[in-house]
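First the structure, in the form of structure tokens, and then the observations on it.
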Amino acid sequence: MTRINALLSAVMMVESGGDPNKIGDHGQAIGVLQIRPCMVEECNRILGCPRHFTLADRKSTSASRAMFRVYMSRWGRGKNLEVMSRRWNGGPMGEKRIATKIYWRKVQREIKCLKNHQRDVIGGPRRTQHPARGRGDN
């Protein structure tokens, strides 16, 4: 799983638990990524096409994922996962907002769960406890 896919999956779990029918923020945030109208407008602005995405697209998991990728192509390029996550939650300068730090911690937990699940499915290496030091040795 690429890092952007891991981030996207984690953000979907934090935002909606993966529920494409989730409605939040008094009806403003909709879908798996809890996309608001201003995010639809921003993605269309980035693409230079005012009607590429519609408000109805927020209910589509595939369209929501596409909007996430468009947004990150502009505001996440060259940034680490923390900054990308915090910008999704708090806007283009989201990493400067204290509230997005809490959001990032939630996303981190989901990424860790995804990695553990992937390791279990694939049968990858597990961290073992070092008997003398009490921490992982690989």
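According to our numbering, the sequence shown is numbered sequentially starting from 1186.
Where a beta carbon is used, it is the ideal one built from N, C-alpha and C, also for glycine.
These numbers come from a predicted model, not from an experiment.
> How many angstroms separate the CA atom of Gly1275 from the CA atom of Ile1215?
Replying inline: Counting from 1 along the sequence shown, the entry for residue 1275 is found at position 90. Counting from 1 along the sequence shown, the entry for residue 1215 is found at position 30. The C-alpha of Ile1215 is placed about 16 Å away from the C-alpha of Gly1275.
> So does the region 1290–1299 actually touch the region 1222–1232, counting three or more Cβ pairs closer than 8 Å?
Replying inline: No, the region 1290–1299 is not in contact with the region 1222–1232.
> Rounded to a whole number of angstroms, what is the C-alpha to C-alpha distance between Ala1241 and Lys1300?
Replying inline: Sequence index remark: in the sequence shown, residue 1241 carries index 56 (1-based). Sequence index remark: in the sequence shown, residue 1300 carries index 115 (1-based). Each residue's Cα considered, the two are about 32 Å apart.
>> Give me, in chain order, the residues of the same chain whose beta-carbon lies closer than 8 Å to that of Val1199; leave out the 5 immediate sequence neighbours on both sides.
In response: The residue given as residue 1199 occupies position 14 in the sequence shown. A distance below 8 Å between beta-carbons, with the five flanking residues on each side excluded, links Val1199 to the following residues of its chain, in chain order: Tyr1288, Lys1291, Val1292 and Glu1295.
> Could you give the C-beta distance for Ser1249 and Ile1220, rounded to a whole number, given that I count them as a contact under 8 Å?
Replying inline: Taking the sequence shown and counting its residues from 1, the one referred to as residue 1249 is at position 64. Taking the sequence shown and counting its residues from 1, the one referred to as residue 1220 is at position 35. Taking a contact as a CB-CB distance under 8 Å, the pair Ser1249 and Ile1220 counts as one, their CB atoms being some 6 Å apart.
> Excluding the five sequence neighbours on either side, which residues of its own chain have a C-beta within less than 8 Å of the C-beta of His1237, listed in chain order?
Replying inline: Reading the sequence shown from its first residue, position 52 is the one you call residue 1237. Excluding residues within five positions, the ones whose Cβ falls inside 8 Å are Cys1228 and Asn1229.
>> So for Gly1275, helix, strand or coil by DSSP?
In response: As a first step, residue 1275 must be located in the sequence shown, where it is residue number 90. Three-state DSSP puts Gly1275 in a helix.
> When you compare only the Cα positions, how much space is there between Met1278 and Cys1234?
Replying inline: The residue labelled residue 1278 in the question sits at position 93 within the sequence shown. The residue labelled residue 1234 in the question sits at position 49 within the sequence shown. Cα to Cα, Met1278 sits roughly 23 Å from Cys1234.
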